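Protein chains in written order, with the numbering used here: chain A, 1360 to 1658; chain B, 111 to 193. Note that the Cβ used here is the ideal one computed from N, Cα and C, for glycine as well. All values reported here derive from a predicted model rather than from experimental measurement. Just below is one structure, and these are the notes that go with it.
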């Protein structure tokens, strides 16, 4: 037994057990990343007169920072991600709070509210397109007849953005609810009861007891949603086709549809890397904001 | 037959934490949170990329990109050593 324990504590055994995962990660994660990193410094246009790659230094990045459409798409993607994620976290938390209590029809509601998670994003885009397409969908018809409001996502970019955010919230709030529900279920009752005995009101219990316990769950959920929201293509593309015109083109929609970015692999690689950089910076800032231990704080 | 030793191997003693130190690898510097070596190198790389992109956009007509590299390397060194 002792020999077995000492063998299992051997670092070599640990590396041996980790090696399958590490090999898969290196082959499918790290090596493609290195390849994209290298290609980002080359000029490699498949339709160019000359074949092959030519070293371009920082040329692709120089072109990128002056590309107005790219900068517009970055701004739109950040706006979309912020609106969608904040709404999802708020609604997800409220729904999770509701699901911790007992009410008639709770099981049915819990099943129905997770239905959107089972639908593929492209199908979500198609469903919402049928709902909001002018002259056919019920939403523009009802808004026009009842509220005298002109709703045309093909004409007004703000409406396209708002509809995309609502669609994303509809699709992904159940995921946030489920993770929050798991987090809320894991909170011990004693600290909450102790706070109530000490005279804390509901807001104070939430702020000083529930939220600190939920912090790891909240952080993980928001990270997953940031990464998803920044690389959203299919549902938003299906809904509005990146329009009106190019007014609602997220980074990846632009990356996939722009002739310059999709035919020039060097330029496309630099866009992918900048998007990765943006995602990392956003996640890191959020990580610091939510979980960063400040000086003097005890672990 | 040789008798097997049934007592588990004793763990090495835990490192003694100094005051203000969260673990043997994290520390508090001028950054507003505790970091380990990987965090500081990572922050240095993030700053390096950010400075280069901003330089390409706003400063390159006035000063060459090598100046951005020097500045970001200096900042990276300070972050890694003192952060």
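Taking residue 1551 of chain A as reference, the option from A:1628, A:1401, A:1558 and A:1564 with the minimal CA-CA separation is A:1564. Between residue 188 of chain B and residue 152 of chain B, the alpha-carbon positions lie close to 13 Å from each other. With 16 or more other CB atoms across the displayed protein chains lying within 10 angstroms of its CB, residue 1436 of chain A is buried. Judged by their CB atoms, residue 1401 of chain A and residue 1414 of chain A are nearer to each other than the 8 Å cut-off.
Beta-bridge partners assigned by DSSP to residue 1401 of chain A: A:1414. A straight line joining the alpha-carbon of residue 1574 of chain A with that of residue 1644 of chain A spans about 15 Å.
Under the Cβ distance rule, residue 159 of chain B counts among the residues neighbouring chain A, one pair being separated by less than 8 Å. Contacts between residue 1433 of chain A and chain B, judged by CB atoms closer than 9 Å, are missing: the closest CB pair is about 11 Å apart. At least one CB of chain B lies nearer than 8 Å to the CB of residue 1417 of chain A. Taking 8 Å as the CB threshold, residue 1548 of chain A stays off the interface with chain B. Fewer than three pairs of CB atoms, one per stretch, sit closer than 8 Å, so the segment 1510-1528 of chain A makes no contact with the segment 1542-1561 of chain A.
DSSP, read as helix, strand or coil, puts residue 1548 of chain A in helix. Residue-level contact check: residue 1626 of chain A does not touch chain B, since none of the beta carbons of chain B fall below 8 Å from its beta carbon. The C-alpha of residue 1412 of chain A is placed about 8 Å away from the C-alpha of residue 1404 of chain A. The beta-carbon of residue 143 of chain B is placed less than 8 Å from the nearest beta-carbon of chain A. In chain order, 163, 166 and 167 make up the part of chain B whose C-beta sits under 7 Å from the C-beta of residue 1424 of chain A. Note: residue 137 of chain B is bridge-paired with B:145 in the DSSP secondary-structure output. Within the segment 1632-1649 of chain A, contact with chain B at the beta-carbon level (separation under 8 Å) is assigned to 1633, 1636, 1639, 1640, 1643 and 1647. The C-beta of residue 156 of chain B comes closer than 8 Å to at least one C-beta of chain A. Per DSSP, the unbroken alpha helix (DSSP H) holding residue 1374 of chain A starts and ends at 1370-1384.
Annotation: residue 1371 of chain A has no Cβ neighbours in chain B at a cutoff of 7 Å; minimum Cβ distance is about 15 Å.
Excluding sequence positions up to five before and after residue 1559 of chain A, its CB lies within less than 8 Å of the CB of 1567 and 1568, all in the same chain and listed in chain order.
By the rule that beta-carbons nearer than 8 Å mark a contact, residue 1420 of chain A touches chain B.
In the DSSP assignment, residue 1511 of chain A falls outside any alpha helix (DSSP H), carrying neither H nor E.
Among the CB atoms of chain A, none fall inside 8 Å of the CB of residue 185 of chain B. Residue 1642 of chain A has its alpha-carbon roughly 6 Å from the corresponding atom of residue 1582 of chain A.
The C-beta distance from residue 1599 of chain A to residue 1523 of chain A rounds to 7 Å, short enough to meet the 8 Å contact threshold. For residue 1586 of chain A, the uninterrupted alpha helix (DSSP H) run begins and ends at 1570-1589, by DSSP. In the structure shown, the three-state DSSP call for residue 1507 of chain A is coil. Measuring C-alpha to C-alpha distances from residue 1493 of chain A to each of A:1448, A:1514, A:1481 and A:1477 identifies A:1514 as the nearest.
Among the CB atoms of chain A, one or more fall inside 8 Å of the CB of residue 175 of chain B. Separation of residue 1542 of chain A and residue 1572 of chain A (C-alpha to C-alpha, rounded to the nearest whole angstrom) is 8 Å.
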